[in-house]
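Participant:
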Amino acid sequence: MFDSKNQSTAVLNRWTPDNTDTDMPRAIGGGNVDNVRNSTRFVENGSYVRLKSLTLSYKILDHNPKVKAIQQLSVYCTGQNLLTFTGYSGFDPEVNAYGNSATELGIDYGTYPQSINVIFGLNVQF
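Numbered according to the working numbering, the sequence shown spans residues -18 to 107.
1) Determine the contact status of S70 and E25, defining contact as a CB-CB distance below 8 Å.
2) Please check if any C-beta of chain B sits within less than 8 Å of the C-beta of R22.
3) Could you give the first and the last residue of the continuous beta strand (DSSP E) run that contains D43?
4) Taking just the CA atoms, how far does V56 sit from H44?
5) For the beta strand (DSSP E) holding F66, just list the boundary residues, first then last.
6) If we call anything under 8 Å between Cβ atoms a contact, is K40 one with Q52?
7) On the CB-based measure, 16 or more other CB atoms within 10 Å of its CB, does D2 come out buried or exposed?
8) Around the Cβ of D73, are there at least 16 other Cβ atoms within 10 angstroms (buried) or fewer (exposed)?
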């Protein structure tokens, strides 16, 4: 609520003069920066189970004597980051706002999630 980083929708329920019955602190204004101090307010369980990679392949042709030019022919589909099961409220429990930093793990700041990738292919052996 104090910078340009992505915010969760929970900040819509922040303290205002009209909304005093909330546990979300007010937005910073007028030089008051008390609600940016380190705390455990936004620490949550980041446990997850993810289907990270899956490949399905179907062999269409395998050393068929009727087809001399092609020895093997198969089609495949590979998917990455297909499913994630978690109670984490952010976009992705596996991301880290500071890249691969070993000292600042698990800091989210609304970092964009890993993309879902689907690749279709054809494998031909002559």
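The C-beta atom is built at its ideal place from N, Cα and C for all residues, glycine as well.
Facilitator: In terms of the structure at hand:
1) In this structure, E25 lies closer than 8 Å to S70 by Cβ.
2) Checking the listed chains, one finds no chain B in this structure; it contains a single protein chain.
3) In the DSSP annotation of this structure, the continuous segment of the beta strand (DSSP E) that includes D43 starts and ends at 29 to 43.
4) Spanning the alpha carbons of H44 and V56 requires a straight line of approximately 15 Å.
5) 53 to 67 is the span of the beta strand (DSSP E), which, as asked, contains F66.
6) The answer is no: Cβ separation not under 8 Å.
7) It counts as exposed.
8) Its Cβ being crowded by 16 or more others within 10 Å, D73 is buried.
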